[in-house]
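Read in order, the letters of the sequence shown correspond to residues 5 to 269 in the numbering used here. Glycine included, every Cβ here is placed at the ideal spot set by N, Cα and C. For clarity, every value in this text was computed on a predicted model and none was experimentally measured.
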Amino acid sequence: MHESDYGVAEKTAIVTGASQGIGRAIAETLAASGANVAICSRSMDRIGPVAEGINDDEDTGEALAVECNVREREQVQQLIDETVETFGDIDILVTNAGGEFVAPFEDISANGWETILDLNLTSTVHCAQLAGEVMREGDGGVIITLSSVNGQHAAPGESHYGAAKAAIIRLTETLAVEWADDGVRINCVAPGLIQTPGVAETLGIDSESMPPREKTDRRIGHPEEIADVVQFLSSPAASFMTGETVTVKGVPRAGNSMSQGLGLE
Ligand SMILES: CCCCCCCCC/C=C/C(=O)SCCNC(=O)CCNC(=O)[C@H](O)C(C)(C)COP(=O)(O)OP(=O)(O)OC[C@H]1O[C@@H](n2cnc3c(N)ncnc32)[C@H](O)[C@@H]1OP(=O)(O)O
Ligand SMILES: NC(=O)C1=CN([C@@H]2O[C@H](COP(=O)(O)OP(=O)(O)OC[C@H]3O[C@@H](n4cnc5c(N)ncnc54)[C@H](OP(=O)(O)O)[C@@H]3O)[C@@H](O)[C@H]2O)C=CC1
Numbered sequence: 005m006h007e008s009d010y011g012v013a014e015k016t017a018i019v020t021g022a023s024q025g026i027g028r029a030i031a032e033t034l035a036a037s038g039a040n041v042a043i044c045s046r047s048m049d050r051i052g053p054v055a056e057g058i059n060d061d062e063d064t065g066e067a068l069a070v071e072c073n074v075r076e077r078e079q080v081q082q083l084i085d086e087t088v089e090t091f092g093d094i095d096i097l098v099t100n101a102g103g104e105f106v107a108p109f110e111d112i113s114a115n116g117w118e119t120i121l122d123l124n125l126t127s128t129v130h131c132a133q134l135a136g137e138v139m140r141e142g143d144g145g146v147i148i149t150l151s152s153v154n155g156q157h158a159a160p161g162e163s164h165y166g167a168a169k170a171a172i173i174r175l176t177e178t179l180a181v182e183w184a185d186d187g188v189r190i191n192c193v194a195p196g197l198i199q200t201p202g203v204a205e206t207l208g209i210d211s212e213s214m215p216p217r218e219k220t221d222r223r224i225g226h227p228e229e230i231a232d233v234v235q236f237l238s239s240p241a242a243s244f245m246t247g248e249t250v251t252v253k254g255v256p257r258a259g260n261s262m263s264q265g266l267g268l269e
């Protein structure tokens, strides 16, 4: 009888932007399943404690914390090198680090545009190229990119972020074709609104008082609900999936409008 294999035990995973929010949940979920995780953020003070939390738990894989700004290609190369030195290989890459500000198109300066394109799209390029090199020279691997419902639907104030996240979807599809013969699977996750410190900061609210749920067209998600999908895509159970974008945005409420893709009124 066929037994499903959702496991990642003893695999090595890199998760970018793992000091909080979705990235942290992904790192902790993969580690709880026995993967060794190399995790980064721009600050060792912020990423270090997350690694300590994982390493304090004897039942999980090991964690390596690296200070790395994913906008800087040399720093991404250092992250890759340290990961290979510590764990020997790279099996899974999750390009989670990203962010935005909300502003009308006419108010976005050239530097503002470049910042959001760099942070979301070009950082994904750096990570995929440099980790992809290790995977392709070895025995392949799995890459999971992070898009957003903003990459699939228009929403006001999201022109820069939407363009970057839409481009990540097409990049994912292209790499799936180009690297298929190298044993690299690459899929994308497009979350709806997830309760994270970053979203609270973007919206200028307390993270405990996210947009009231009655004002959204579906309930707000939790970081772990994205992490579970990433775990599946990382595992052998997803062996026949590549080039796909999996939308993870909950169930619409009856009688409420699909407000601007995001579910906010
Ligand atoms: C309604 C419901 C919707 C609801 C929308 C809900 C969003 C749901 C989807 C969630 C998506 C997420 O990614 S959630 C995670 C989001 N969290 C975060 O992004 C964290 C908080 N944000 C940030 O750290 C920053 O905003 C970010 C720009 C990304 C990075 O900061 P940096 O220090 O790298 O950049 P800075 O030097 O500050 O700024 C670079 C340039 O960008 C410009 N810039 C920065 N903020 C700006 C702003 N608000 N408006 C205009 N321009 C801005 C600056 O003026 C600079 O341009 P010049 O002046 O010309 O030099
Ligand atoms: N939350 C949501 O509703 C949605 C989120 N997404 C996407 O999911 C991903 C995670 O979002 P979320 O958890 O909400 O974000 P948060 O803002 O809560 O967390 C972002 C993480 O990325 C790190 N980070 C930010 N910039 C950099 C950088 N230049 N280099 C390295 N690390 C960096 C931050 O760490 P530090 O500050 O310590 O550097 C932090 O750990 C993003 O790509 C986002 O666009 C997509 C759709 C919806």
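Exposed unless 16 or more other CB atoms sit within 10 angstroms - verdict on residue i
i, result
"Tyr10", "exposed"
"Thr200", "buried"
"Asn191", "buried"
"Asn154", "buried"
"His6", "exposed"
"Ala13", "exposed"
"Lys253", "buried"
"Phe91", "buried"
"Val70", "buried"
"Thr16", "buried"
"Ile148", "buried"
"Val74", "buried"
"Val255", "exposed"
"Ala178", "Going by the sequence as given, residue 178 is Thr instead of Ala. So Thr178 counts as exposed."
"Gly145", "buried"
"Ser47", "exposed"
"Ser213", "exposed"
"Asn221", "Note that residue 221 corresponds to Asp in the displayed sequence, not to Asn. The residue is buried, with at least 16 neighbouring Cβ atoms inside 10 Å."
"Ile51", "buried"
"Glu32", "buried"
C-beta atoms of residue i and residue j nearer than 9 Å
i, j, result
"Leu121", "His164", "yes"
"Ile26", "Pro195", "yes"
"Ala22", "Thr64", "no"
"Thr128", "Leu197", "no"
"Ile275", "Val181", "This structure leaves residue 275 out entirely; the chain is present only between 5 and 269."
"Met139", "Asp85", "no"
"Val98", "Ile172", "no"
"Val234", "Leu34", "yes"
"Gly161", "Ala107", "yes"
"Thr206", "Glu104", "yes"
"Ala29", "Glu228", "yes"
"Ala101", "Ser45", "yes"
Under the three-state DSSP convention, the category residue i falls into
i, result
"Asn115", "helix"
"Ser243", "coil"
"Leu197", "coil"
"Ala42", "strand"
"Asn100", "coil"
"Arg189", "strand"
"Ile18", "strand"
"Val234", "helix"
"Gly254", "coil"
"Gly202", "helix"
"Met5", "coil"
"Gly27", "helix"
"Tyr10", "coil"
(message) Runs of 3 residues minimum, wholly inside the stretch 135-183: which ones carry the beta strand (DSSP E) assignment?
(response) 145-150
(message) Restricting to runs no shorter than 3 residues, where is the beta strand (DSSP E) found entirely within the stretch 50-89?
(response) 67-71
(message) When you compare the stretch 110-124 with the stretch 38-56, are there three or more beta-carbon pairs, one atom per stretch, that lie closer than 8 Å?
(response) no
(message) Check whether the stretch 59-78 and the stretch 108-117 are in contact - that is, three or more C-beta pairs closer than 8 Å.
(response) no
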